Amino acid sequence: QPQIDLATSRVCGIEALLRWRSEDGRLIEPSRFIPIAEHSGMIIGIGEWVLRMACFQQAEITRKGFPGISMAINISVAQFRHPRFIASVQSALADSGVDPGLIELEITESVAMEEIDYLGRTLDTMKALGVRVAVDDFGTGFSSLSYLQRLQVDRLKIDRGFIVDIATDERARRIPELVIDLGHKLGLSVIAEGVETPAQAETLKALGCDEAQGFLYCRPIEPHALLEWLGKGAGMALPGLAAAAPPQ
């Protein structure tokens with residue numbers, strides 16, 4: 001799903017999303033199969049595959065004439081804990097030929113709160129490789145602001161739950177406004193997900209939010225459709241596209 005720079009209305013990034021296509025062609029949401037994959041241990045193999053596919057797809061996007069578009073990839077706590085995680089990142093970067101500076105690994109706030117010393121060392125290694133790190137779903141857990149000082153992260157992602165009423169309820173604006181101000185004071189960029197209306201986008205822009213993603217701009221689409229969308233003029237909403245998900 002594309003991510004939009006609110007100041008320029010241009011595509012600045014993409015988040016790799018995963019769906020499971022069933023035999024009858026239906027797309028199954030990750031909330032249904034990811035917990036099973038985590039419980040069974042299959043999440044390690046799935047996570048490595050997603051990481052590699054996303055790196056190769058970002059490299060393809062650059063080769064097709066769309067430079068500077070980053071690729072955000074969600075990483076589970078099980079991946080971080082796995083002994084071959086760093087090697088899998090190094091392999092994906094090297095084999096795809098992607099610019100590491102255009103790869104962003106997303107960790108959830110709950111992951112950031114666990115085993116912070118181990119996580120910090122791992123993130124330091126990731127940063128040494130040149131990749132960026134974002135904290136996903138920021139504000140949904142019991143935040144300890146100390147981890148933002150201790151961890152080398154680049155971006156905060158505001159959860160969609162804080163965006164729904166942002167344009168109509170002044171009280172609803174307060175948490176996004178606080179996150180945006182906090183992020184900027186710490187030298188971090190801030191992106192909001194789940195943006196579905198122009199009013200939400202305008203409110204976020206007025207609050208100083210850097211980037212946004214959501215159905216207002218584009219639904220999640222498969223890689224070939226994404227390249228077509230970029231070619232037609234990035235930043236334009238494409239109503240009617242069925243939700244799919246790169247990588248597939």
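Residue 1 is where the sequence shown starts when you use our numbering, and the numbers rise one by one after that.
Just so it is clear, CB atoms sit at the ideal spot from N, CA and C, and this is done for glycine as well.
Please read all numbers here as calculations on a predicted model, not as lab measurements.
With DSSP as the reference, label residue i as helix, strand or coil.
i, result
"residue 136", "strand"
"residue 225", "helix"
"residue 167", "coil"
"residue 212", "strand"
"residue 206", "helix"
"residue 201", "helix"
"residue 190", "strand"
Taking only beta-carbon positions, decide if residue i is within less than 8 Å of chain D.
i, result
"residue 26", "Considering every chain present, this structure includes no chain D. It has just one protein chain."
Based on Cα-Cα distance, which residue from the options lies nearest to residue i?
i, options, result
"residue 192", "212, 202, 10", "212"
"residue 73", "15, 156, 99", "15"
"residue 168", "10, 155, 203", "203"
"residue 164", "24, 105, 216, 30", "216"
"residue 71", "90, 60, 146, 31", "60"
"residue 7", "182, 206, 104", "206"
"residue 156", "146, 184, 172", "184"
"residue 56", "1, 208, 95", "95"
"residue 34", "47, 25, 158, 26", "47"
"residue 81", "102, 50, 17, 121", "121"
Can you name, in chain order, every residue of its own chain whose Cβ lies under 6 Å from the Cβ of residue i, other than the five neighbours on each side?
i, result
"residue 66", "230"
"residue 210", "189, 190"
"residue 108", "136, 137"
"residue 5", "12, 211"
Residues in the same chain with beta-carbon distance under 8 Å from residue i, minus the five sequence neighbours each way, listed in chain order, please.
i, result
"residue 233", "none"
"residue 173", "166, 203, 207"
Given residue i, which residues of its chain have a CB within under 7 Å of its CB, disregarding the five upstream and five downstream residues?
i, result
"residue 100", "93, 129, 130, 131"
"residue 214", "193, 194, 195, 196"
"residue 148", "186"
"residue 37", "43, 46"
May I ask you to list the residues that DSSP assigns as paired with residue i?
i, result
"residue 122", "Bridge partners of residue 122: none, in fact."
"residue 2", "14"
"residue 127", "According to DSSP, residue 127 bridges with nothing at all."
"residue 294", "With the chain covering 1 to 248 only, the question about residue 294 has no answer from this structure."
Along the chain, which unbroken stretches of the beta strand (DSSP E) at least 3 residues long are found entirely within the stretch 9-92?
-> 11-15, 70-74
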